Amino acid sequence: MLLPNPSPSPTATSGQGQQGSKWASVCCVVKGCQRSLLVVPQPDVFRDEDGSIALLEAEVKAEPGRKLELLKLLQERCSAVKAELREVLQRHGIRSFRMVPVKRSYAFEVPGVPHGEQWCLKVRYAATDPALPHGLTGTTFVAIFGANASCLESLVLKRGLRGPSWVRLREPKKVDYGNQ
Numbered sequence: 007m008l009l010p011n012p013s014p015s016p017t018a019t020s021g022q023g024q025q026g027s028k029w030a031s032v033c034c035v036v037k038g039c040q041r042s043l044l045v046v047p048q049p050d051v052f053r054d055e056d057g058s059i060a061l062l063e064a065e066v067k068a069e070p071g072r073k074l075e076l077l078k079l080l081q082e083r084c085s086a087v088k089a090e091l092r093e094v095l096q097r098h099g100i101r102s103f104r105m106v107p108v109k110r111s112y113a114f115e116v117p118g119v120p121h122g123e124q125w126c127l128k129v130r131y132a133a134t135d136p137a138l139p140h141g142l143t144g145t146t147f148v149a150i151f152g153a154n155a156s157c158l159e160s161l162v163l164k165r166g167l168r169g170p171s172w173v174r175l176r177e178p179k180k181v182d183y184g185n186q
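In this text, residue positions in the sequence shown follow this note's numbering: the first is 7, and each later residue adds one.
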């Protein structure tokens with residue numbers, strides 16, 4: 007049974023590592039974890055009545071160098087959502103964050119959230135900052151997903167750590183027993 011981590015960052019996982027010809031128990035501490043939220047805007051925010059988003063998406067598939075144009079258009083379309091989110095995040099004590107439009111598919115049964123592929127806003131901020139309350143909505147967005155995900159859950163999903171597997175650690179640092 008996994009218990010919630012009272013301090014969200016750093017996150018620790020354990021396993022075994024090869025030390026010479028023997029195996030030793032290993033604890034890996036991951037520092038600097040971030041919360042990653044998906045904010046679903048109201049359906050009219052990215053409504054593409056003039057076809058400009060679809061046209062740019064097709065052009066980006068053919069020529070990836072035009073992605074910046076698409077992102078600029080999406081940023082313009084969601085400026086009201088970003089302004090409201092900035093206010094919500096700051097009201098909850100979150101001062102430093104990043105927001106970027108991403109395309110995601112949704113297939114569950116939360117009322118008000120459209121099914122299928124759609125543009126959302128991905129918001130990232132330090133896990134040491136407070137989590138947003140469950141069920142938060144606004145005038146420009148209908149749902150926020152991932153607000154209460156633990157750092158361990160985010161790490162497992164982001165890095166694909168499902169079941170026993172090999173994990174490559176880059177630049178590990180051994181901590182002497184007396185300093186642990």
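Note that beta-carbon positions come from the ideal geometry of N, C-alpha and C, so glycine has one too. Quantities reported herein were computed from a predicted structural model and do not represent experimental measurements.
Whose CA, out of the options, lies closest to the CA of residue i?
{"i": "A153", "options": "T17, K28, V45 and S27", "result": "V45"}
{"i": "K73", "options": "A133, V106, S102 and L167", "result": "V106"}
{"i": "G118", "options": "T145, F103 and D135", "result": "T145"}
{"i": "D54", "options": "S42, G71, L80 and Q40", "result": "L80"}
{"i": "G57", "options": "L76, D182 and R174", "result": "L76"}
{"i": "R92", "options": "F103, G26 and L43", "result": "F103"}
{"i": "V36", "options": "P170, E115, A133 and Y183", "result": "A133"}
{"i": "Q40", "options": "K164, K180 and A113", "result": "K164"}
From what residue to what residue does the alpha helix (DSSP H) around residue i run?
{"i": "A60", "result": "S58 to A68"}
{"i": "C157", "result": "C157 to R165"}
{"i": "K73", "result": "K73 to R83"}
Quick one: is residue i buried, meaning 16 or more other Cβ sit within 10 Å of its Cβ, or exposed?
{"i": "A60", "result": "exposed"}
{"i": "S31", "result": "exposed"}
{"i": "L138", "result": "buried"}
{"i": "Y131", "result": "buried"}
{"i": "R97", "result": "exposed"}
{"i": "F147", "result": "buried"}
{"i": "L127", "result": "buried"}
{"i": "V87", "result": "buried"}
{"i": "G169", "result": "exposed"}
{"i": "L62", "result": "buried"}
Using a Cβ-Cβ cut-off of 7 Å (strictly less than) and excluding sequence neighbours within five positions of residue i, which residues of its own chain qualify?
{"i": "D135", "result": "G99 and I100"}
{"i": "C33", "result": "A18 and S20"}
{"i": "T143", "result": "A149"}
{"i": "R83", "result": "V51 and F52"}
{"i": "P49", "result": "P120"}
{"i": "N11", "result": "Note that N11 scores 47 on pLDDT, short of 50, meaning its location in the model is unreliable and no value can be drawn from it."}
What residue does the beta strand (DSSP E) around residue i start on, and which one ends it?
{"i": "K109", "result": "R104 to Y112"}
{"i": "E17", "result": "Residue 17 is actually Thr in this sequence, not Glu. Note, T17: beta strand (DSSP E), T17 to Q25."}
{"i": "R174", "result": "Careful: R174 lies outside any beta strand (DSSP E) and carries neither H nor E."}
{"i": "R41", "result": "Q40 to P47"}
Quick one: residues in its chain with C-beta nearer than 8 Å to the C-beta of residue i, no 5 flanking neighbours on either side, listed in chain order?
{"i": "M7", "result": "Low local confidence applies: a pLDDT of 42 at M7 is under 50, so the model's placement there is unreliable, and no value is given."}
{"i": "K167", "result": "For the record, residue 167 in the displayed sequence is Leu; it is not Lys. Closer than 8 Å at the Cβ level, and outside the excluded window around L167, lie T19, L161 and V173."}
{"i": "N185", "result": "none"}
{"i": "L9", "result": "Unreliable positioning characterises L9 in this predicted model, as indicated by a pLDDT of 47, which lies under 50. A coordinate reading is not provided."}
{"i": "E90", "result": "G144, T145, T146 and F147"}
{"i": "P47", "result": "C84, V87, W125, C126, L127, T146, F147 and V148"}
State the DSSP-derived secondary structure class of residue i, mapped to helix, strand or coil.
{"i": "N185", "result": "helix"}
{"i": "A132", "result": "strand"}
{"i": "V148", "result": "strand"}
{"i": "E93", "result": "helix"}
{"i": "E123", "result": "strand"}
{"i": "V35", "result": "strand"}
Closer than 6 Å by C-beta to residue i: which residues in its own chain qualify, once you throw out the five before and the five after it? Chain order, please.
{"i": "V66", "result": "R72, K73 and L76"}
{"i": "W125", "result": "F52, P107 and K109"}
{"i": "G141", "result": "none"}
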